[in-house]
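Visitor:
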Amino acid sequence: MIRSLRSVALVALALGCSAAEDPPRLRVKVAADASEIRAVLTDLGYEVRLTEAAAVVADLHFLVSETATARYRPADWLLPRAHAHPGHHHGGAIAGELAGRFVLRWLPEASRLGEATLLSGRYVGASYAFVPAEENDGVEPEDPLHGRAALLGGRVLSDERELVFVVLFDPPDQRMDHVPFDAVIDDDSAVLGLRLKLEADGGVSLFDGIDFFALAPGAGEPLVIASDHPDPEVRVAHQRLRSAFFHHRFHEVRALRGR
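Structure (structure tokens):
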């Protein structure tokens, strides 16, 4: 498992503030949450069951609403702000952070990332980066995840047919912002679960639009979907899956314990 890097202080101390004016700072555990990973039916009628799911994330930010910062002195809020684009409500001011690089493994066994530092308050969103896996992350060169930002593997079933597949994701062009996170964190008993959802609101599957069996190599071989695959149709499928996987609607942060 990747080594846990220390969390950095999030907010500079306000000069001249009394202790009562400082918002409480909490140390909160962060872990993978695989509770929403279950068999899904795609729009093309394929049943997808994952057996492996992992990613490498970096520098996680946890956000409160801009209006919530009014109860603290302005000097307390010295970190850069993450603003939502118009129409979204998952942006805000950074009030929590887990700094460093971490292997986020949902399957076959959920991993623990470390302890984040958060200010007490109501949270409205999260943001994190996905980065290519390295040996320093504890990912060996022979591991399919090495050099990639994420990996999904499992089986696809249709009638009596079955296909083993793996998707190797290149990193996205930017951080994933606007990740839903709606919780009040006021003590350190909470565990923040980074959740992967294979089905978004409205019944949209992460694998919609992928004709797995049309892409299958045949002869019982597994299907490897990657950006460097020689088949252009497989590369198109990779791009479609990459756009879905790194979209915030398939991710969520939940307070697994605590309020």
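End of the sequence shown = 1415 in this note's numbering, gap-free, step of one.
For each residue, glycine too, the CB sits at the ideal point set by N, CA and C.
Every value quoted in this text rests on a predicted model; they were computed, and no experiment measured them.
Beta carbon of Asp1293, beta carbon of Val1212: below 7 Å?
Guide: yes
Visitor: Classify Pro1327: buried if its beta carbon has 16 or more other beta carbons within 10 angstroms, exposed otherwise.
Guide: buried
Visitor: Do the segment 1371–1386 and the segment 1197–1212 make contact, defined as three or more Cβ pairs closer than 8 Å?
Guide: Segments in contact, no.
Visitor: By Cβ distance below 6 Å, which residues in the same chain neighbour Ser1314 in space, the five residues on each side in sequence not counted?
Guide: Counting only Cβ-Cβ distances below 6 Å, and skipping sequence neighbours, we find Tyr1202.
Visitor: By DSSP's criteria, Ala1104 is part of a beta bridge. Which residues make up the other side?
Guide: In the structure as shown, the chain begins at 1157 and stops at 1415. Residue 1104 is therefore absent and cannot be evaluated.
Visitor: If distances are taken between C-alpha atoms only, which option among Glu1291, Glu1265 and Phe1218 comes closest to Val1280?
Guide: Phe1218
Visitor: Just the Cα atoms here: how many angstroms apart are Arg1183 and Asp1387?
Guide: In this structure, the CA atom of Arg1183 is about 48 Å from the CA atom of Asp1387.
Visitor: For Asp1333, count neighbouring C-beta atoms within 10 Å of its own C-beta (all shown protein chains included) and say buried if the count is 16 or more, exposed if not.
Guide: buried
Visitor: When you compare only the Cα positions, how much space is there between Val1360 and Phe1258?
Guide: 28 Å
Visitor: Expressed to the nearest angstrom, what Euclidean distance is found between the alpha-carbon atoms of Gly1478 and Leu1200?
Guide: In this structure the chain extends from 1157 to 1415, so residue 1478 is not present and cannot be described.
Visitor: Assign His1334 to one of three DSSP states: helix, strand, or coil.
Guide: Strand, per DSSP.
Visitor: How is Glu1192 classed by DSSP in three states: helix, strand or coil?
Guide: coil
Visitor: Please give the ranges of any alpha helix (DSSP H) in the segment 1335–1378, keeping only runs that are unbroken, at least 4 residues long and fully inside the region.
Guide: Listed in chain order, the complete alpha helix (DSSP H) runs (minimum 4 residues) inside the segment 1335–1378 are 1368–1371.
Visitor: Below 7 Å CB to CB, which residues in the same chain sit around Ala1390 once its five sequence neighbours on both sides are set aside?
Guide: According to the sequence displayed, residue 1390 carries Val and not Ala. Once the five neighbours on either side are set aside, the close Cβ partners of Val1390 are Leu1371 and Ile1381.
Visitor: State the DSSP-derived secondary structure class of Leu1319, mapped to helix, strand or coil.
Guide: strand
Visitor: For Arg1351, is the classification buried or exposed, using 16 other Cβ atoms within 10 angstroms of its Cβ as the cut-off for buried?
Guide: buried
Visitor: Can you tell me where the alpha helix (DSSP H) holding Glu1389 begins and where it ends?
Guide: Pro1388 to Phe1401
Visitor: By the DSSP assignment, the beta strand (DSSP E) with His1407 in it spans what residues?
Guide: In the DSSP assignment, His1407 falls within the beta strand (DSSP E) that extends over His1407 to Ala1411.
Visitor: In three-state DSSP terms, what is Glu1253?
Guide: strand
Visitor: Flag this pair as yes or no: are the beta carbons of Leu1348 and Val1204 separated by less than 7 Å?
Guide: Between Leu1348 and Val1204, the CB-CB gap reaches or exceeds 7 Å.
Visitor: Within this structure, are the beta carbons of Val1220 and Ala1255 separated by less than 7 Å?
Guide: no
Visitor: Quick check: what's the CA-CA separation for Leu1324 versus Glu1408?
Guide: 21 Å
Visitor: Is the beta carbon of Leu1362 closer than 7 Å to that of Phe1402?
Guide: no
Visitor: Taking 7 Å as the cut-off, decide whether the C-beta atoms of Val1340 and Arg1410 are in contact.
Guide: Val1340 is not a Cβ neighbour of Arg1410, given a cutoff of 7 Å.
Visitor: In terms of DSSP beta bridges, what is Thr1273 paired with?
Guide: Arg1183 and Glu1253
Visitor: Among Ala1356, His1394, His1302 and Lys1353, whose alpha-carbon lies nearest the alpha-carbon of Asp1367?
Guide: Distance check between Asp1367 and each of Ala1356, His1394, His1302 and Lys1353 places His1394 closest, using alpha-carbon atoms only.
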